[in-house]
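For reference, the structure is listed below as structure tokens.
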Amino acid sequence: MLNMNVGDYVSYSFPEPATAVIQKRGTIKSVNESFVILICDDKTELKVSFKNFDRLEIIKRKNLNPVSS
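Counting the sequence shown from 1 gives a position; my numbering is that position plus 3.
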């Protein structure tokens, strides 16, 4: 299972072409069991399918502060 949450800042490495390293960085907008949607730094949306989840790398986790009463 994917251990990423909405708001995490991640890097995605494209699978093709295999000889070049092409990456996008952005914030996770939506997490689903079959895909993740990123809002990239260039303001584009990127949909990453389940088969490419291994190409996502967390750069910074969203700071989840507990609610105090």
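Glycine included, C-beta positions come from ideal geometry on N, C-alpha and C.
#### Entry: Residues near I61 by beta carbon distance below 7 Å, same chain, minus five either side
Position 58 of the sequence shown, counting from 1, holds the residue named residue 61. Here the set comprises M7, D11, V13.
### Query
When DSSP labels each residue in this structure, what does F53 get in the three-state scheme?
Position 50 of the sequence shown, counting from 1, holds the residue named residue 53. Taken through DSSP and simplified to helix, strand or coil, F53 comes out as helix.
### Task
Provide the residue(s) that pair with F38 in DSSP beta bridges, ordered along the chain.
Position 35 of the sequence shown, counting from 1, holds the residue named residue 38. F38 pairs with S52.
### Task
Have a look at the DSSP bridge pairing and note the partners of K3.
Lying outside 4 to 72, the shown extent of the chain, residue 3 is not represented and no answer is given.
### Query
What span of residues does the beta strand (DSSP E) with K63 cover, start to end?
In the sequence shown, the residue the question calls residue 63 occupies position 60. Taken as a continuous stretch (DSSP letters only), the beta strand (DSSP E) holding K63 covers 59–63.
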